[in-house]
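The opening position of the sequence shown corresponds to residue 1181 in my numbering, with each subsequent residue numbered one higher.
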Amino acid sequence: MVKILIIVTNVSMYASGNLKTGLWLNELTHIYHAAREKSQL
C-alpha cells in the first residue's frame, strides 16, 4: 500500500504579502482520486 500525505493550509497570504493563496476543492479531490486510481493497479 502506498501512502501519500496531502497538506493544505489556511494561510491566506504568502509571506511576502503580495499574493493570496488558495485552493479549489476540486484540485484537492482530483489528486486524491488520481492517486487512489493509480494505487489500485
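All C-beta atoms in this analysis are idealised placements derived from N, C-alpha and C, irrespective of residue type, glycine included. Quick caveat, the model's predicted, so the values are computed rather than measured.
Could you give the distance in angstroms between the alpha-carbon of residue i and the alpha-carbon of residue j?
i: Thr1201; j: Ile1187; result: 14 Å
i: Leu1185; j: Tyr1212; result: 10 Å
i: Thr1189; j: Leu1208; result: 12 Å
i: Asn1206; j: Gly1197; result: 25 Å
Skipping 5 residues on each side, what residues in its chain have a beta carbon closer than 7 Å to that of residue i?
i: Ser1192; result: Lys1200 and Thr1201
i: Tyr1194; result: Thr1201
Quick one: what's got a C-beta closer than 8 Å to residue i's C-beta in the same chain, skipping five residues either side?
i: Glu1217; result: none
i: Leu1203; result: Val1188
Suppose the cutoff is 6 Å on Cβ atoms and the five residues either side in sequence are ignored; what does the same chain contact list for residue i look like?
i: Ser1219; result: Val1182
i: Ala1215; result: Ile1184
If you follow the alpha helix (DSSP H) that residue i is in, where does it begin and where does it stop?
i: Leu1205; result: Leu1205 to Ser1219
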